[in-house]
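Student: One structure follows; several queries about it will come next.
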Amino acid sequence: MVSFETFLPTNNPVQRKNSGTMGYDVPEGVDIRGRYDPEFSKILTRDALQFVTDLQREFRNHIKYAMECRREAKMRYNNGGLPGFDPATKYIREGEWVCAPVPEAVADRRVEITGPVERKMVINALNSGAKVFMADFEDALSPSWENLMRGHVNLRDAVNRTITFHDQARNKVYKLNDQTAKLFVRPRGWHLPEAHIFIDGEPTTGCLVDFGLYFFHNYANFRKAQGQGFGPFFYLPKMEHSREARIWNNVFDRAEKWAGIEKGSIRATVLIETLPAVFQMNEILYELRDHSVGLNCGRWDYIFSYVKTFQGHPDRLLPDRVQVGMAQHFMRSYSDLLIHTCHKRGVHAMGGMAAQIPIRDDPAANEAALELVRKDKLREVKAGHDGTWAAHPGLIPACMEVFTNNMANAPNQIHSMKRQDASVLVEDDLLQSPRGVRTMEGLRLNTRVGIQYLAAWLTGAGSVPLYNLMEDAATAEISRVQNWQWLKYGVELDGDGLGVKVNLDLFGRVVEEEMARIEREVGKEKFKKGMYKEACKLFTRQCTAPVLDDFLTLDAYNNIVMYHPVGSSRL
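So for the sequence shown, full-length UniProt numbering puts the first residue at 1; every next one is plus one.
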């Protein structure tokens, strides 16, 4: 695993550039190594940086302890252990408590759109007709200094309703409609550092930068304009245990106290997207009970986590990733238990992502894709979900229609679909190995998608359309860990009659052939200008490593960190 120490100055292989003589005005102990920009300096004010610094100093040891607990759990799983319900917190699971009432401002979340914090995307998503826009600093964003800082500028302007974008190519100006989606923000996970901002000689925790800067600049205007006295609203990713939720709850308490706003003003939805977290759903809600507005089925990361958790278990090999859908017993059980848990505790149970994108040049294929979306959303709403995710504005009408037609004019199903039948689900239901076959095409698709996504990520794009799906880091992670798993255990490709076993020679040929296919598909000029060769080298190294890295993006992060010698000044 890549640790924070990777980004300390003694061994950081990042690029360095001369940035002139200007610098940011920073508090004592803070060192900004990203490029100076006058617009960024309006975000990175001394007071805002002091707020982030106070959060970092107060919570960094708690975060380090939580990450050490993750490493200990990983060792248990690698030595044959299984995740499960914690006997010590049975009293929480069986207790009759509920979370704080859901604010009226976010009662109706039938369709939510997600996307990176890019300026045009922010405007289009807020105007999309969805009930919520989740602006993403995490899996849909390549966390370069430029992307992160411009993202904060964009969100500030969106909250202030001053955001515009002039598309030079189309000579079109984009601005906000009178009616917009509610804004949620997803910071990065606990494990990701922000290597452009050092506090007391070490990189800052990425999510505290994301949360701290956004909250500092926007809490007051957001509460007036969007939150009806509540907010800001957040999505919280990648948690594995309730102790990590407790840190977030304490961060929220600290921020509310600093701002002088009521306890419980900040609200957050937690993504249940790791296998260990599914056994901690009650505990996570309990820790956040004053600040929770539900849980979400982050199903692509959940599949990634299943492979990662069971990397030392050769009896739990996944079939082709396209076969691991919600019809699999362990996935359906996860969704059903999430709905039951959330509704028992009085909060939203959000469904998963529809990753399809419109196929403009093939009406028949486009209609077939939309029909798949409708079926998936019909399954979700009938199961009891209160809303769902879409990756593209073109899917919102279809998703909205399905949920509206099946929710009896109610804003949610929290009180009408208790799903008591799911209360009998046990650990075996949540751990059952998925059924299916493994094929050469599955290996090829993993390789092709993983390399192309990583090539885009290295050049600044974290949300990438590939083969009529919107891919983010989660799908690249599935591709990587599944290839790694198949190579480690020499699996037989049993689904296409070939009967060959996956080994380094076969994988090397597949990589070579898929690189040639990528070049044909994108064109020689784009292939030459892009970072496909660098991505191929990185992806191949990850797939063939003797020890599985926890996250692809941690290894890749070094490639996008760029230091400027003059970033900070103390005026």
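Even glycine gets a Cβ: it sits at the ideal position worked out from N, Cα and C.
Buried or exposed, going by whether 16 or more other CB atoms sit within 10 Å of the CB of Asn177?
Tutor: Residue 177 sits at position 177 when you count from the first residue of the sequence shown. Flag for Asn177 reads exposed.
Student: Which one or two residues does DSSP pair with Gln175 in a beta bridge?
Tutor: Counting from 1 along the sequence shown, the entry for residue 175 is found at position 175. Looking at the sequence provided, one finds Lys at residue 175 rather than Gln. As computed with DSSP, Lys175 is found in a beta bridge with Thr164.
Student: Nearest-angstrom Cα distance between Asp376 and Arg33?
Tutor: As a first step, residue 376 must be located in the sequence shown, where it is residue number 376. As a first step, residue 33 must be located in the sequence shown, where it is residue number 33. Using only the alpha carbons, I get a separation of about 45 Å.
Student: Do Leu285 and Cys99 count as a contact pair if the criterion is CB distance below 9 Å?
Tutor: Position 99 of the sequence shown, counted from the start, is the residue given in the question as residue 99. Position 285 of the sequence shown, counted from the start, is the residue given in the question as residue 285. Yes, Cβ-Cβ distance for Cys99 and Leu285 is below 9 Å.
Student: Pick out whichever of Asp505, Phe551, Asp549, Tyr453 has its Cα sitting closest to the Cα of Lys533.
Tutor: Position 533 of the sequence shown, counting from 1, holds the residue named residue 533. Of the candidates Asp505, Phe551, Asp549, Tyr453, the one whose C-alpha sits nearest the C-alpha of Lys533 is Tyr453.
Student: Helix, strand or coil for Cys99? Go by DSSP, reduced to three states.
Tutor: As a first step, residue 99 is located in the sequence shown; it is residue number 99 there, counting from the start. Correct three-state label for Cys99: coil.
Student: Which residues mark the beginning and the end of the alpha helix (DSSP H) in which Gly212 is found?
Tutor: The residue labelled residue 212 in the question sits at position 212 within the sequence shown. That run of the alpha helix (DSSP H) goes 206-225.
Student: Following the continuous alpha helix (DSSP H) through Thr475, name the residue where it begins and the one where it ends.
Tutor: Taking the first residue of the sequence shown as 1, we reach residue 475 at position 475. Element bounds for Thr475: 473-489.
Student: Quick check: the Cα distance between Ile197 and Pro203, rounded to an integer number of angstroms?
Tutor: On the sequence shown, position 197 is the one that residue 197 refers to. On the sequence shown, position 203 is the one that residue 203 refers to. Rounded to the nearest angstrom, the two C-alpha atoms are 6 Å apart.
Student: Spatial neighbours of Pro314 within its chain, please: C-beta separation below 7 Å, excluding the five flanking residues on both sides.
Tutor: Start at 1 with the first residue of the sequence shown, and residue 314 comes out as number 314. Non-local C-beta neighbours of Pro314 in its own chain, meaning closer than 7 Å and more than five positions away in sequence, comprise Tyr489, ordered along the chain.
Student: Give the range of the alpha helix (DSSP H) segment to which His340 is assigned.
Tutor: As a first step, residue 340 is located in the sequence shown; it is residue number 340 there, counting from the start. Counting along the chain, the alpha helix (DSSP H) containing His340 begins and ends at 329-344.
Student: For Ser479, which option in Leu318, Ile123, Arg76 has the closest C-alpha, if you only look at C-alpha atoms?
Tutor: As a working note, residue 479 is residue 479 in the sequence shown. When each option's Cα is compared against that of Ser479, the closest is Leu318.
Student: Under 8 Å, with one C-beta from each stretch per pair, do the segment 154-165 and the segment 121-129 reach the 3-pair mark?
Tutor: yes
Student: Name the one or two DSSP bridge partners that Gln356 has.
Tutor: Here residue 356 refers to the residue found at position 356 when the sequence shown is read from its first residue. DSSP, once it has assigned bridges, lists Leu469 as partnering Gln356.
Student: Let me confirm a value: Thr21 is counted as buried when at least 16 other C-beta atoms fall within 10 Å, else exposed. Which label applies?
Tutor: Position 21 of the sequence shown, counted from the first residue, corresponds to residue 21. Note that Thr21 scores 45 on pLDDT, short of 50, meaning its location in the model is unreliable and no value can be drawn from it.
Student: Looking at the secondary structure, which residues open and close the alpha helix (DSSP H) in which Ser41 lies?
Tutor: If you number the sequence shown from 1, residue 41 lands on position 41. Segment 38-41, the alpha helix (DSSP H) holding Ser41.
Student: Could you tell me whether the Cβ atoms of Asp86 and Glu273 are closer together than 9 Å?
Tutor: Counting from one through the sequence shown, the residue named residue 86 turns up at place 86. Counting from one through the sequence shown, the residue named residue 273 turns up at place 273. In this structure, Glu273 does not lie closer than 9 Å to Asp86 by Cβ.
Student: Distance, Cα to Cα, Arg444 vs Gly530?
Tutor: Stepping through the sequence shown from its first residue, residue 444 is reached at position 444. Stepping through the sequence shown from its first residue, residue 530 is reached at position 530. Cα-Cα distance, rounded: 20 Å.
Student: Are there 16 or more other CB atoms within 10 angstroms of the CB of Ala365, so buried, or fewer, so exposed?
Tutor: Walking along the sequence shown from the start, residue 365 turns up at place 365. Exposed: under 16 other Cβ atoms inside 10 Å.
Student: Would you check if there are 3 or more beta carbon pairs closer than 8 Å linking the segment 452-466 to the segment 338-350?
Tutor: no
Student: If you draw a straight line from the C-alpha of Glu441 to the C-alpha of Ala88, how long is it?
Tutor: Translated into positions along the sequence shown, residue 441 becomes position 441. Translated into positions along the sequence shown, residue 88 becomes position 88. If I take the Cα positions, the gap works out to 45 Å.
Student: Spatial neighbours of Ala107 within its chain, please: C-beta separation below 7 Å, excluding the five flanking residues on both sides.
Tutor: As a first step, residue 107 is located in the sequence shown; it is residue number 107 there, counting from the start. Here the set comprises Pro411, Asn412.
Student: Among Asp386, Ala73, Leu372, whose alpha-carbon lies nearest the alpha-carbon of Leu338?
Tutor: Stepping through the sequence shown from its first residue, residue 338 is reached at position 338. Per the Cα distances, Asp386.
Student: Based on Cα-Cα distance, which residue from Gly351, Arg438, His152 lies nearest to Gly384?
Tutor: Taking the sequence shown and counting its residues from 1, one reaches residue 384 at position 384. With respect to the C-alpha of Gly384, the residue from Gly351, Arg438, His152 having the closest C-alpha is Gly351.
Student: Grab the span of the alpha helix (DSSP H) containing residue 580 for me, first residue to last.
Tutor: Lying outside 1 to 571, the shown extent of the chain, residue 580 is not represented and no answer is given.
Student: Any contact of the segment 255-265 with the segment 65-83, i.e. 3+ C-beta pairs under 8 Å?
Tutor: no
Student: Residues in its own chain within less than 6 Å of Arg119 by CB, not counting five upstream and five downstream?
Tutor: Indexing the sequence shown from 1 puts residue 119 at position 119. Correct list, in chain order: Asn154, Phe165.
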